[in-house]
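Undergrad: In the working numbering, the protein residues as written are 431 to 615.
Backbone N, C-alpha and C fix where the C-beta goes; we use that ideal spot for every residue, glycine too.
Since the structure is predicted, the reported quantities are computational estimates derived from the model, not experimental observations.
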Amino acid sequence: MDDELIIKRKLIFDGDGLGDERRINLLLKMIAKWINANNSNEENQSIFNTLFSQISAMEHARRKSELMKANYQKESIRYQEYKEELEANINVIKNAIDSSKVLLLEVRSSKQQKLNYDLIAKDISLEPSRAETSECVKELQNGLLKMKKNDTNLKKEWSIWRKHCSVIVTTANQLNSIIDKMKFE
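(1) Helix, strand or coil: which one does DSSP assign to Glu473?
(2) Whole angstroms are fine: how far does the CA of Asp528 sit from the CA of Gln542?
(3) What's the gap between the Cα of Ile554 and the Cα of Tyr547?
(4) Indicate whether Arg453 and Met498 have their beta-carbon atoms separated by less than 7 Å.
(5) Please return the same chain residues whose Cβ sits closer than 8 Å to the Cβ of Trp464, not counting the five positions on each side in sequence.
(6) Could you check the C-alpha separation between Gln503 and Val532 for me, to the nearest Å?
(7) What is the DSSP secondary structure of Ala467, counted as helix, strand or coil?
(8) Where does Ser559 sit, in a helix, a strand or coil, going by DSSP?
(9) Given this structure, state the Cα-to-Cα distance separating Leu605 from Phe614, to the nearest angstrom.
(10) Ile598 to Leu575, Cα distance in whole Å?
(11) Compare the Cα-Cα distances from Glu451 to each of Asn471, Asp433, Arg492 and report the closest residue.
(12) What is the DSSP secondary structure of Asp432, reduced to helix, strand or coil?
(13) Please go through the segment 492-535 and give each complete beta strand (DSSP E) segment of 3 or more residues, from N-terminal end onward.
(14) According to DSSP, is Glu615 helix, strand or coil?
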């Protein structure tokens, strides 16, 4: 077998990477040694104590691993809560920014309307008041009536003068014709 494949398998069997596979292999060898050994009681007791200490170490590693897992889970929960709190704060801030944008648009609109109002008010202040305008309109209407009367009077006078001129021209023509007749006679 290739060295990389062996290392890969050992890593897969090792689990959390705490050396569990090595410990189990050593424990199995010690158990086999203890069972197969025909040693004295002292040696058996020594092997038994070694087995017991290895089992205790493995139990300690298991408890440590469980405690670390529980701590990681607590930390994960705490970080999740912290993340949710941050997201809630971000949403609150986003809402505040959005409302500020709306308020800013309203203020800009209000400011623009105020400027337009001021310009219109300035233009209106340059124009005469309604009372003055009404008085001026009345004066103009009176002047117009007077002019219409004058126009009517002038037309009447013109008509009369035309008639007079017509009579004068007719009379002059008749006189001319009489004078012409007298000259021929």
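TA: Concretely, from the data shown:
(1) helix
(2) 21 Å
(3) 10 Å
(4) no
(5) Asn474, Ile477, Phe478, Leu481
(6) 43 Å
(7) coil
(8) coil
(9) 14 Å
(10) 34 Å
(11) Arg492
(12) coil
(13) none
(14) coil
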